[in-house]
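A quick write-up on the structure given underneath.
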Amino acid sequence: MCLRSSSYTSPKPCKHLADYKLRHAFNGYDSLQNCLKTTPIGRTRVDNHNTKIPRCNFCNGYQGRLYICLICSSISCSTHILLHTQSKSGHDVAIDIERSELYCCLCCDQVYDPDFDKVVVSEQIKGSCPGRSNKRRRLDSGMELDLKKSKQLIAMRDGRAKSCYPLGLRGLNNLGNTCFMNSVLQALLHAPPLRNYFLSDHHNRDECKRRYGEKLCLLCEIGALVSAMFSGDRSPYSPAQFLYSWWQHSSNLASYEEQDAHEFFISVLDGIHEKESKVRNSSKDDGDCQCIAHRAFSGSLRSDVTCTICGFTSTTYDPCVDISLNLDTVNSSAAEKTGLSTLSGCLNLFTRAERLGSDSKLHCQNCQELRDTSKQLSISRLPLVLCLHIKRFEHSLIRKTSRKIDQYLQFPFALDMTPYLSSSIVRSRFGNRIFAFECENTDSSAEYEIFAVIAHSGMLESGHYVTYLHVNNQWYKCDDAWICEVDEGIVRASQCYMLFYVQKLLYYKANKDVSCNASVESR
10 MCLRSSSYTS
20 PKPCKHLADY
30 KLRHAFNGYD
40 SLQNCLKTTP
50 IGRTRVDNHN
60 TKIPRCNFCN
70 GYQGRLYICL
80 ICSSISCSTH
90 ILLHTQSKSG
100 HDVAIDIERS
110 ELYCCLCCDQ
120 VYDPDFDKVV
130 VSEQIKGSCP
140 GRSNKRRRLD
150 SGMELDLKKS
160 KQLIAMRDGR
170 AKSCYPLGLR
180 GLNNLGNTCF
190 MNSVLQALLH
200 APPLRNYFLS
210 DHHNRDECKR
220 RYGEKLCLLC
230 EIGALVSAMF
240 SGDRSPYSPA
250 QFLYSWWQHS
260 SNLASYEEQD
270 AHEFFISVLD
280 GIHEKESKVR
290 NSSKDDGDCQ
300 CIAHRAFSGS
310 LRSDVTCTIC
320 GFTSTTYDPC
330 VDISLNLDTV
340 NSSAAEKTGL
350 STLSGCLNLF
360 TRAERLGSDS
370 KLHCQNCQEL
380 RDTSKQLSIS
390 RLPLVLCLHI
400 KRFEHSLIRK
410 TSRKIDQYLQ
420 FPFALDMTPY
430 LSSSIVRSRF
440 GNRIFAFECE
450 NTDSSAEYEI
460 FAVIAHSGML
470 ESGHYVTYLH
480 VNNQWYKCDD
490 AWICEVDEGI
500 VRASQCYMLF
510 YVQKLLYYKA
520 NKDVSCNASV
530 ESR
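One rule links them: number in the working numbering = place in the sequence shown (from 1) + 9.
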């Protein structure tokens, strides 16, 4: 894959989109303005006035993704959109009705165009900018929005948003199926240790380029991203340079196809670790690594494998940057009755002793032969930032099938991890005669506050990621380029996929620091 130069700032449009703009200029974009409608949750969708419920012209279906042709306004579902293009020459570009995003019917992928984005952003500003009077809305409803005026409207919104949204809240443009990236970046850039590291310029981009001469450095691009997010500019930002840099690090994932948010999260931390290890010339393993990724997210898991015959226990420790949890639907009768799982139930399931099958006998050092064993996991060291990954995607190698688990998960905003520490687990098994653990976390460091939730909606093949951020005692929904305030009930009802907690003392200190920075910014 050919990587662009460092001056490149947005993805090159696909050939079919370029051909469309050459033939029709902005005619389709201009006519679209009358069909855009901003929903109460801040998302802009296409509202076709000809019908109350949009339906596919081929199958009459109305569920799933629907697209409207930019030329003839014909509506097609994801199954028949290609058929429409094949039946009508030149009708290659459509719009996702629900998300107001450009879609190339021949590439079968989302495409990005800054001119189209300005039209949608302008409508979103007109319909959902907070703090405006009814008189102002009436004036705007009669205003003719064109591409020339969109920049002025964005600038107007920037001035108002500084007084209502905290510093650091900025939308990220979808560059073509990149909601997985945008959702994780919003969470990472608001993780206090990571955010403070880059805002303090601990990785100096000028020095990095001078010493190593690399055109694309993942740490430099993250630093540039943090600077852009906390610059005070509220217009949506295009993280194209970061995307290309990440592609360079993870060439196996370099495509515009939808990726898994959790895999992307692990890949970014791995990229940070790899780069910092190179800079520090360090050969230490992850447990002792001093890179910012591991200083913020690294913890340690303890694994106890016990012989069921003699009771001999073999203990190992492994570093981790997150904890993957199964939903406790199968093992919880309460979950089966109520149709919901709880985070405490998932953590109890994770730390519960599990008897290994007869086909998994291990060699006992005491018995000196193969024995049945049980295994129990616990947390020996907690990280500053705790990432909990909920396993919502199941893949069966035998049946060769995949599915998403839509089970609702009840999770707390304040989390005490003490019951899941190795000290608590081992003492519950053997009693208080066990001596205190050397690496045992104090009670204060085991208490966490939530600051970000990544949720996945939709199906396995055509889902969508959003991030909910808790900033200054208010929840905000980050849906690609759009950011809006939401009630905590919306957050609790979401299909959470990744939960981000930070140690309580660090959480309150971070909020205080952000408030101070915001005060300085507004002066």
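From the three backbone atoms N, C-alpha and C, an ideal C-beta is built for every residue, glycine too.
Residue from the options with nearest C-alpha to residue i
i, options, result
"Ile399", "Thr351, Glu110, Val435, Asn375", "Thr351"
"His100", "Ser87, Ser83, Asp118", "Ser83"
"Ser98", "Cys114, Asp105, Thr88", "Cys114"
"Ser247", "Ala233, His258, Tyr112, Ser276", "Ala233"
"Asp297", "Tyr326, Asp269, Val277", "Tyr326"
"Glu497", "Gln95, Leu358, Trp484, Gln504", "Trp484"
"Gly185", "His479, Arg108, Arg361", "Arg108"
"Ser236", "Ala34, Lys284, Leu178, Tyr253", "Leu178"
"Lys284", "Pro63, Cys226, Asp122, Met190", "Cys226"
"Thr322", "Ser312, Ala200, Val330, Cys329", "Ser312"
"Leu123", "Ser454, Cys23, Leu478, Val314", "The displayed chain sequence assigns Pro, not Leu, to residue 123. Of Ser454, Cys23, Leu478, Val314, the residue nearest in Cα terms is Cys23."
"Tyr112", "Leu79, Asn213, Cys505, Leu41", "Leu79"
"Asn205", "Pro392, Ile231, Ala464", "Ile231"
"Ser535", "Lys413, Leu176, Gln257", "The first residue shown for the chain is 10 and the last is 532, placing residue 535 beyond what the model contains."
"His199", "Leu515, Leu478, Ser503, Leu397", "Leu478"
"Leu469", "Ser454, Tyr429, Val495, Asp269", "Asp269"
"Gly472", "Leu349, Cys188, Phe67, Val480", "Cys188"
"Ile62", "Gln504, Ile106, Leu31, Cys505", "Ile106"
"Tyr506", "Ala455, Arg401, Leu424, Gln419", "Arg401"
Sheet register partners of residue i (DSSP bridge)
i, result
"Trp484", "His479, Val495"
"Leu397", "Ile332, Leu508"
"Ala270", "Per DSSP, none; premise fails for Ala270."
"Arg380", "Leu371"
"Thr315", "Thr322, Ser383"
"Leu91", "Beta-bridge pairing links Leu91 to no other residue."
"Phe420", "Paired residue(s): none; Phe420 is not in a bridge."
"Gln119", "Tyr112"
"Arg390", "Ser309"
"Ala7", "Since the first residue of the chain shown is 10 and the last is 532, residue 7 is not available in this structure."
"Ser350", "Leu418"
"Val55", "Leu45"
Simplified DSSP state of residue i, which is helix, strand or coil
i, result
"Ala464", "strand"
"Ala502", "coil"
"Ile281", "helix"
"Lys30", "helix"
"Ile86", "Residue identity check: residue 86 is Cys in the sequence provided, not Ile. Three-state result, Cys86: strand."
"Arg412", "strand"
"Glu216", "helix"
"His404", "strand"
"Ala249", "helix"
"Glu363", "strand"
"His473", "strand"
"Arg179", "coil"
"Leu41", "helix"
Rounded C-alpha distance that separates residue i from residue j
i, j, result
"Cys373", "Cys319", "9 Å"
"Ser411", "Thr476", "24 Å"
"Met238", "Phe251", "13 Å"
"Asp415", "Asn182", "27 Å"
"Arg380", "Ala249", "54 Å"
"Leu508", "Asp368", "35 Å"
"Ile104", "Ile77", "5 Å"
"Arg243", "Val394", "27 Å"
"Ser431", "Ser309", "10 Å"
"Val128", "Pro421", "39 Å"
"His271", "Asp279", "12 Å"
"Ile301", "Gln119", "34 Å"
"Glu216", "Val193", "27 Å"
"Thr317", "Ser383", "7 Å"
"Tyr457", "Met426", "8 Å"
"Trp491", "Ala461", "16 Å"
"Thr360", "Leu26", "52 Å"
"Ser341", "Ser353", "Because Ser341 sits at a pLDDT of 47, beneath the cut-off of 50, its placement in the model cannot be relied upon, and the point is left open."
"Ala164", "Asp126", "Reliability of the predicted coordinates at Ala164 is poor, the pLDDT of 40 falling under 50, and no value is obtained from them."
"Ser531", "Ser437", "The pLDDT assigned to Ser531 is 41, lower than 50, so where the model puts this residue is not dependable; a value taken from the coordinates is nonetheless given after this. Roughly 53 Å between the two C-alpha positions."
"Arg54", "Gln72", "15 Å"
"Cys355", "Ile275", "21 Å"
"Asp489", "Asn191", "6 Å"
"Lys144", "Cys493", "With a pLDDT of 33 at Lys144, under the threshold of 50, the predicted position of this residue should be treated as unreliable, and no value is reported."
"Arg147", "His211", "The predicted position of Arg147 is uncertain, since its pLDDT is 34 and thus under 50; no value can be drawn from it."
"Leu386", "Lys370", "18 Å"
"His303", "Ala464", "24 Å"
Any chain D beta carbon closer than 8 Å to residue i
i, result
"Cys86", "In the structure shown, chain D cannot be found, because there is only a single protein chain."
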